[in-house]
Amino acid sequence: MVVFHLVFDLAEFVGLRINYLSGFWYWEGKTAALLFIFLAGISSGFSRNNIKRGLKVLAFGFLITLFTYLVFPEQYIRFGILHFLGTCMLLFPLLLRLPNILLLIGTVIIAAAALPLQKLIVNTFWLLPVGLMYSGYTSYDYYPLVPYLAVFILGILSYKTYYYRRQSLLVALTGEKAPEAEKQEQGKGAPENGNSSNGRNTRRLRTWVRYISKNSLAIYLLHQPVLVALVFLGKELVEALG
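Written as structure tokens, this is what we have:
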């Protein structure tokens, strides 16, 4: 997603001829967004309070709405990725209680409803969150519940299938002991697990993944302003040297 936004900034603010609306860069950005949503569905299972978390994400989403309205009034963000994720987090406690078969059926129905809804035109912006657009609607970022809620639900299903015990898949896949088990064995005088280079690399990877997961919202909020600043700085330097 960071790479896609860099491409977007270079095209929009520098004028580089990069087509991010189709082809490779379009699908790179779309794939990153789908992974982001899918992982949000998984990580919501680890949250102690999804209501508080969802309201926080929604608040940041509305701040982005205000900012983009002031800067890009014709294409400001009404219901972007943060609005979408905040809404999904509020729905998570209810969705988690549903049987897996109902979640799977719901995923299919939501995905199948996407195309028919795209063909419908309404006269109000209030239905944008569910995927119904009014004539002439454009936005730099739009992620309605239909169809993207289906991806979030797939994340919930993955959480219920693989993470209900709250054990990292990195531990399961590598055979390395969980941190709690390592501490218990070390307290009994057992040799430290992962003395090999492979073990150390696995721990570094696990630490890095945890850091990114815990700070994903901050990374999302900060990376675009930083990229824009760097792009404009680079543009000024090139113009000064040229």
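Each residue of the sequence shown is one higher than the one before, counting from -18 in our numbering.
Ideal Cβ positions, reconstructed from N, Cα and C, are used throughout, including at glycine.
Burial state of Tyr124 is buried, judged by a 10 Å Cβ sphere holding 16 or more other Cβ atoms. About 7 Å separates the Cβ atoms of Tyr121 and Thr49, confirming a contact at the 8 Å cut-off. In this structure, Leu135 lies away from Pro110, with their beta-carbon atoms at least 8 Å apart.
Restricting attention to Ser24, Gly61 and Thr68, the CA atom closest to the CA of Leu36 is found in Thr68. Residue environment for Gly4: exposed (fewer than 16 other C-beta atoms within 10 angstroms of its C-beta).
For Val212, the closest of Val(-17), Val(-16), Asp(-10) and Phe(-15) by C-alpha to C-alpha distance is Asp(-10). Separation of Phe60 and Leu44 (C-alpha to C-alpha, rounded to the nearest whole angstrom) is 12 Å. Within the segment 41 to 72, no complete alpha helix (DSSP H) segment of 4 residues or longer occurs. Here the alpha carbon of Tyr1 sits roughly 13 Å from the alpha carbon of Phe(-6). Under the DSSP assignment, Phe(-6) falls outside any alpha helix (DSSP H); it carries neither an H nor an E label. If you ignore the 5 residues before and after Leu208, its C-beta comes within less than 7 Å of the C-beta of His(-14), Leu(-13) and Asp(-10), all in its own chain and listed in chain order. The DSSP assignment places 126 to 139 as complete runs of the alpha helix (DSSP H) inside the segment 91 to 154, in order along the chain (cut-off: 4 residues). Excluding the 5 residues flanking it on each side, Lys195 has no same chain C-beta neighbour closer than 6 Å.
For Gly215, the enclosing alpha helix (DSSP H) starts and ends at Ser197 to Leu222.
Here Ile(-1) carries a coil assignment [DSSP, helix/strand/coil]. Ranking Leu83, Leu85 and Pro128 by CA distance to the CA of Ala92 puts Pro128 first. About 6 Å separates the beta carbons of Gly26 and Tyr144, which is inside the 8 Å limit, making them a contact pair.
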